[in-house]
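In our numbering, the protein residues as written are 864 to 1241.
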Ligand SMILES: Cc1cc2nc3c(=O)[nH]c(=O)nc-3n(C[C@H](O)[C@H](O)[C@H](O)COP(=O)(O)O)c2cc1C
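See below:
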């Protein structure tokens, strides 16, 4: 893969120019500095270049019963505090998800936490860390290993209030919440932890709660909550009881089998207003010499970006079909691999009600403005 000459892994100091699919991208840099710690990024970021284009005004439309200027937003992850949220709101993203918070403080893994990666020769095999940013944003994949950190509730509850104050009318604050399963907990206890977290987020001003059901159901296991249909429903019910009229989205993965997705959607319809469907997967991420990039114990990590895009489109099409076939009134937000106007168009055409981006806004912060200019109706 061709790399930008002179870029380092922070890719913050050497902007590049890229043109693809007829769209000219302004010189860009990374808002998140890979070489710095998570805490440094929280305190000093985002490192954004001046806007290449200003967000256009667009007509209001509906999302989850709220009026919004667009159904284009940022998924849980990049917006790790109110500073990040404020700066991306100013770039025209209208659905802004505050990174997953918990009912107790949880540390971040030591750096490195995020890196650009490329495929190796073996399909589905390890991916390899890159030294810089690929020259074409269409090809960007990245791997992240943060450990789902959370500030203490005393801190994040106040910071969510600050985030809410930073938004304009027509923009929504989504707060991603997760339970933190402890040894010895049962399903009821875990659901109560989710509900407590959601209640605090709603009190602090969240317009929408997104429950992160990709989080582990058990402290030791790899099994995510969404794979347990009864648990997913219980979590949704407890949260909904705790947050009253605030809409609830459930962030879920894309099960291999269609009947599993159908069963999950059927089980949560009525308990939640919608789902955020993610097709991201975990992969081994290595240095070229074979060492695990994120260190021992963190060989397999979440990979996001371009490799998931075809699966995202297929997953949204399948979910939309199931929702219509079963008459389920769930809103469908899509996330996975979007890095251009054309990508978002494909997801809307497949049946998404909203399109969220996890990683691309980090190096393409003007994507929302470009999308809204091309499609004011989104
Ligand atoms: C740096 C980073 C941190 C993330 N943190 C979270 C998180 O806290 N909670 C969550 O639900 N998803 C998290 N994600 C996953 C994203 O929400 C999204 O599902 C994923 O990046 C796929 O979208 P993309 O291909 O547009 O990047 C994170 C992703 C990245 C890149």
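Yeah, the Cβ is synthetic: ideal placement off N, Cα and C, and Gly gets one too.
Would you call residue i buried or exposed, if buried means 16 or more other Cβ atoms sit within 10 Å of its Cβ?
| i | result |
| --- | --- |
| residue 1051 | exposed |
| residue 1120 | exposed |
| residue 1150 | exposed |
| residue 1046 | exposed |
| residue 1171 | buried |
| residue 988 | exposed |
| residue 1104 | exposed |
| residue 972 | buried |
| residue 936 | buried |
| residue 967 | exposed |
| residue 844 | No information on residue 844 is available, as it lies outside the stretch 864 to 1241 that the chain covers here. |
| residue 1070 | buried |
| residue 1128 | buried |
| residue 1107 | exposed |
| residue 1221 | buried |
| residue 885 | A caution first: residue 885 carries a pLDDT of 33, below 50, which makes its placement in the model unreliable, though a value can still be read off. The residue in question, residue 885, is exposed, as its Cβ has fewer than 16 Cβ neighbours within 10 Å. |
| residue 1110 | buried |
| residue 861 | It is not possible to answer for residue 861, since the shown part of the chain is limited to 864 through 1241. |
| residue 1233 | buried |
| residue 1065 | buried |
| residue 1056 | buried |
| residue 917 | exposed |
| residue 1031 | exposed |
| residue 1169 | buried |
Quick check on residue i: does DSSP put it in helix, strand or coil?
| i | result |
| --- | --- |
| residue 950 | helix |
| residue 1194 | strand |
| residue 1185 | helix |
| residue 887 | In this prediction, residue 887 has a pLDDT of 36, which is less than 50 and means its spatial position is unreliable; what the coordinates show is noted afterwards. Three-state DSSP puts residue 887 in a strand. |
| residue 1234 | helix |
| residue 905 | helix |
| residue 1180 | helix |
| residue 1127 | helix |
| residue 1229 | coil |
| residue 1039 | strand |
| residue 926 | strand |
| residue 967 | coil |
| residue 1013 | strand |
| residue 1000 | helix |
| residue 919 | coil |
| residue 1088 | helix |
| residue 1046 | coil |
| residue 985 | coil |
| residue 1073 | strand |
| residue 1110 | coil |
| residue 900 | coil |
| residue 1079 | strand |
| residue 1134 | coil |
| residue 1174 | helix |
| residue 1034 | coil |
What residue does the alpha helix (DSSP H) around residue i start on, and which one ends it?
| i | result |
| --- | --- |
| residue 1063 | 1050 to 1067 |
| residue 1095 | 1092 to 1106 |
| residue 1157 | It is not in any alpha helix (DSSP H) - residue 1157 carries neither H nor E in the DSSP assignment. |
| residue 1021 | 1016 to 1029 |
| residue 1268 | With the chain running from 864 to 1241 in the structure shown, residue 1268 is simply not present. |
Step through the CB atoms of chain C and report whether any lies within less than 7 Å of the CB of residue i.
| i | result |
| --- | --- |
| residue 968 | Absence of chain C from the displayed structure is noted, only one protein chain being present. |
Where do the N-terminal and C-terminal ends of the beta strand (DSSP E) with residue i fall, by residue?
| i | result |
| --- | --- |
| residue 978 | 977 to 982 |
| residue 1226 | Taken as a continuous stretch (DSSP letters only), residue 1226 belongs to no beta strand (DSSP E), being part of the alpha helix (DSSP H) at 1223 to 1226. |
| residue 1201 | That residue, residue 1201, is in no beta strand (DSSP E); it is neither H nor E in DSSP. |
| residue 991 | 990 to 992 |
| residue 1165 | 1163 to 1168 |
| residue 911 | It is not in any beta strand (DSSP E) - residue 911 carries neither H nor E in the DSSP assignment. |
| residue 944 | Segment: none, residue 944 is in no beta strand (DSSP E) and carries neither H nor E. |
| residue 933 | Looking at the DSSP string, residue 933 is not in any beta strand (DSSP E), and its letter there is neither H nor E. |
| residue 1149 | 1144 to 1149 |
| residue 1217 | 1217 to 1220 |
How about the region 895 to 906 and the region 916 to 927: do they share at least three Cβ pairs that are nearer than 8 Å?
no
Does the contact criterion of 3 or more C-beta pairs under 8 Å hold for the region 1029 to 1042 versus the region 1066 to 1085?
Yes, the region 1029 to 1042 is in contact with the region 1066 to 1085.
Do the region 1222 to 1241 and the region 1180 to 1192 make contact, defined as three or more Cβ pairs closer than 8 Å?
Here the region 1222 to 1241 does not lie against the region 1180 to 1192, with fewer than 3 beta-carbon pairs under 8 Å apart.
Under 8 Å, with one C-beta from each stretch per pair, do the region 992 to 1006 and the region 943 to 962 reach the 3-pair mark?
no
Is it a yes or a no for the region 958 to 966 touching the region 1030 to 1038, going by three-plus beta-carbon pairs under 8 Å?
yes
Taking 8 Å as the threshold, find out whether the region 1172 to 1185 comes into contact with the region 1208 to 1215 through three or more Cβ pairs.
Taking a cut-off of 8 Å on C-beta distances, the region 1172 to 1185 touches the region 1208 to 1215, as three or more cross pairs fall below it.
Contact the region 908 to 917 vs the region 972 to 983: 3+ CB pairs below 8 Å:
With fewer than three CB-CB distances shorter than 8 Å, the region 908 to 917 does not count as touching the region 972 to 983.
Can you confirm whether the region 1134 to 1142 touches the region 1152 to 1164 when touching is taken to mean that 3 or more C-beta pairs between the two stretches lie within less than 8 Å?
no
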